[in-house]
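Worksheet for the structure shown next.
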Amino acid sequence: EFQHEFNKFDDQIDIKTGNWKRTFSCGAVFIDSLTTYNDMVMEYVAATLGHDFGEKGTDARNDYTKVMNKVKSTIKTLKSFPCITGWLAHHMIVRSEFDGKVILLPNMSGKDTLAPAISKEFNMVLVSGTQKNGQGKLEYVWQVKPEGWVISAGFPTTNLELPTFIPQDFRRIL
């Protein structure tokens, strides 16, 4: 069902120009969430394999590679849309085996390979959180710079000068 809806957008791209077809217009597409999509892909791959992941006599690495390749392919397809695009993702807390640092990564398959590298596919990485405002009330904020556990937040190439935390308002960053 998700793929059917997603393909409705992909089908509206003029393959000669890379722009939307003249009869279609869309300014932004955001998908909620990368974590849920990863789970859907895992279910799909398991169904097409005809066996459970890591079942005796199979190679779980190949099974998970199929999941990761499908997720990467969908991310790259979304990036090709001629509009603003984005994914919302849950995060997982991971301790690095190399230096013991605790970091946040997108919650998805490939926690050792894909999750640490996936942020390079995006123009910005925003990490949701809360902090107290001047009146002591909790406000939802985005972390837009690396700090503490969050190493992937930010903008790879930008002239935006922002504090580490900003209110959750797309107008501030788009």
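17 is the number of the first residue of the sequence shown in this note's numbering; add one for each residue after it. Glycine included, every Cβ here is placed at the ideal spot set by N, Cα and C. These numbers were taken from a predicted model, which means no experiment stands behind them.
For serine 168, the closest alpha carbon among the candidates Thr93, Val118, Thr74 is that of Val118.
DSSP places phenylalanine 46 in no alpha helix (DSSP H) but in the uninterrupted beta strand (DSSP E) bounded by 44-48. Taking the C-beta atoms as reference points, glycine 145 is found nearer than 9 Å to phenylalanine 181.
Between the alpha carbons of isoleucine 29 and phenylalanine 97 lies a distance of about 7 Å.
Here isoleucine 31 is not near glycine 102, since their CB atoms are 9 Å or more apart.
Between valine 141 and glutamine 184 the beta-carbon gap is near 14 Å, outside 8 Å, which marks them as no contact. The beta carbon of methionine 56 lies closer than 7 Å to those of Phe18 in the same chain, with the five residues before and after it left out.
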